[in-house]
Amino acid sequence: MKVTETAPIRAQIDKNKRFLEKPQLFNHAAKINDRLYYNVQYWKWGKSEASGYLILSPDGDVVPREEAVPVLRLFMLHNVAAHELNKELAPAKDKPIWMYTEKRDCLQALQPHYEEQMEVAIRRDMKSLIDVCQYVIETRDQLQALYDKGVDSLNHVLRVGYVTSEDKKDLDDLFHEANYKLYVGLRSQAEIRESVDRLAAFLQKVEVPLPGELKSKRQKLLDLLDSYRDKKLRATNDDSIKGFEAVASGQPVPFSSKQQLVDAFEKKQEFHFQTKIVPIIRNT
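Here the numbering used here runs 30 ahead of the position in the sequence shown, where the first position is 1.
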């Protein structure tokens, strides 16, 4: 279906427009219980945030406010999804992972030559770092798949011309999955810092006979571990973790499960919707 601006719709748009505002009729509708709705978003000239919303029927009637609120919640999917895909997921999936691949490959190549010198703790440290590197490497492909799926879902909405509650749930689930994968990766890297420190000290201290190629891998690994231990890098990692954990309350609270992260993000979204969006709905 196609959203069409008819004369009755234009009349309502103009009637509810305020001074120095620019209206925008969304190019797709929302569908709830087989009923279609249009959304008009008003912008103040020179401002980057919406100043009002108006929910209309395709005939141009202004629907009751209590009916408009859940409809607008569906329309918010477009704004949220566009932000999540372009500003969050796209940069995350494109972050370089070569350093994790090289750390993993160097560790796996060197491990057999250090077996006799390794205590249980060092062996465990090495496995922990390999596991974290492997997680980050695998997550890259998973984030790309989630991004592609998100783009397909948004394109589907634009293709059929309307958004449904099922579309919203699918995209919400997708973003929660992506956020949890990113969070686990960040926290896992923070949790192995002591392991990385011990492992770097071990490789610096213990000398074993190595062929030329493995000597180069050992030095490369030491350089990579040295970069991995950089204070600024660790501080950035900590800030990213806090960004996730403080999303709901402003105070960082670690998540022990995916559901806790989902609850925190949904709480934040609902708070924003109720305090920033609902008050500027112009339906009465």
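Ideal placement from N, C-alpha and C gives every residue a C-beta, glycine not left out.
My guess is that residue i and residue j are in contact by the Cβ rule of under 8 Å, so how many angstroms apart are they, rounded?
i: L347; j: Y72; result: Within the shown structure, residues of the chain are numbered from 31 to 314, placing residue 347 beyond reach of any answer.
i: Y258; j: V226; result: 6 Å
i: L137; j: L244; result: L137 to L244, Cβ: 12 Å. No contact.
i: L140; j: I222; result: Actually they do not touch by this definition, with Cβ atoms about 17 Å apart.
Thinking just about the alpha-carbon of each residue, which of the options is nearest to the one in residue i?
i: I39; options: M31, E300 and P53; result: P53
i: L104; options: K45, D200 and R264; result: D200
i: M31; options: R65, R48, K47 and V238; result: R65
i: N63; options: D182, E97, K77 and G191; result: E97
i: R134; options: T194, K247, Y192 and H108; result: K247
i: I271; options: K261, V283, S279 and K262; result: V283
i: I310; options: Y83, V33 and A175; result: Y83
i: R312; options: A208, A231, V99 and C136; result: V99
i: L119; options: G180, P88, D161 and Q147; result: G180
i: Q174; options: I152, P241, K125 and V150; result: K125
i: S78; options: D91, G280, N109 and H58; result: N109
i: F274; options: R153, A122 and L212; result: L212
i: Y192; options: F285, H58 and I307; result: H58
i: Q304; options: M106, V277 and D253; result: M106
i: Q234; options: Q249, E224 and R48; result: Q249
i: E168; options: I222, A208 and F56; result: A208
i: L291; options: I160, I307, L240 and D202; result: D202
i: K45; options: G76, W75, G90 and K74; result: G90
Can you say whether residue i is buried or exposed, counting buried as having 16 or more other CB atoms within 10 angstroms of its CB?
i: D197; result: buried
i: R189; result: exposed
i: F301; result: exposed
i: M129; result: exposed
i: H113; result: exposed
i: V162; result: buried
i: K261; result: exposed
i: V238; result: exposed
i: V70; result: buried
i: V101; result: buried
i: K157; result: exposed
i: K123; result: buried
Which residue marks the beginning of the beta strand (DSSP E) containing residue i, and which one marks its end?
i: K61; result: A59 to I62
Quick check: what's the CA-CA separation for residue i versus residue j?
i: L184; j: A60; result: 13 Å
i: A220; j: K297; result: 26 Å
i: A80; j: R170; result: 34 Å
i: D155; j: E51; result: 60 Å
i: A37; j: Y210; result: 47 Å
i: V187; j: L204; result: 15 Å
i: H143; j: N267; result: 32 Å
i: A151; j: Q299; result: 43 Å
i: L255; j: F232; result: 12 Å
i: R264; j: F285; result: 19 Å
i: S218; j: Y165; result: 9 Å
i: K117; j: A276; result: 19 Å
i: R95; j: Q42; result: 15 Å
i: L229; j: G215; result: 20 Å
i: F56; j: A278; result: 29 Å
i: P88; j: T34; result: 8 Å
i: D6; j: V236; result: No answer is possible for residue 6: the residues shown for the chain start at 31 and end at 314.
Output the boundary residues of the alpha helix (DSSP H) element that contains residue i.
i: V93; result: Element bounds for V93: n/a, residue is neither H nor E.
i: Q281; result: Q281 -> no alpha helix (DSSP H), and no H or E assigned at all.
i: E76; result: Per the sequence presented here, residue 76 reads as Gly, with Glu not at that position. Premise fails: G76 is in no alpha helix (DSSP H) and is neither H nor E.
i: K288; result: K288 to H302
i: E207; result: S195 to E221
i: L50; result: From DSSP, L50 is part of no alpha helix (DSSP H); its letter is neither H nor E.
i: G273; result: K261 to E275
i: E145; result: E145 -> no alpha helix (DSSP H), and no H or E assigned at all.
i: D44; result: A37 to K45
i: G180; result: V150 to V190
i: S87; result: Unbroken run through S87: none, as it is neither H nor E.
i: A124; result: Looking at the sequence itself, residue 124 is Asp, so the reference to Ala does not match. No alpha helix (DSSP H) contains D124, which DSSP labels as neither H nor E.
i: R312; result: R312 -> no alpha helix (DSSP H), and no H or E assigned at all.
i: K250; result: G242 to Y258
Tell me whether residue i, by its Cβ, gets closer than 6 Å to a heavy atom of the ligand SAM.
i: N69; result: Of ligands this structure carries none, so the ligand SAM is not represented either.
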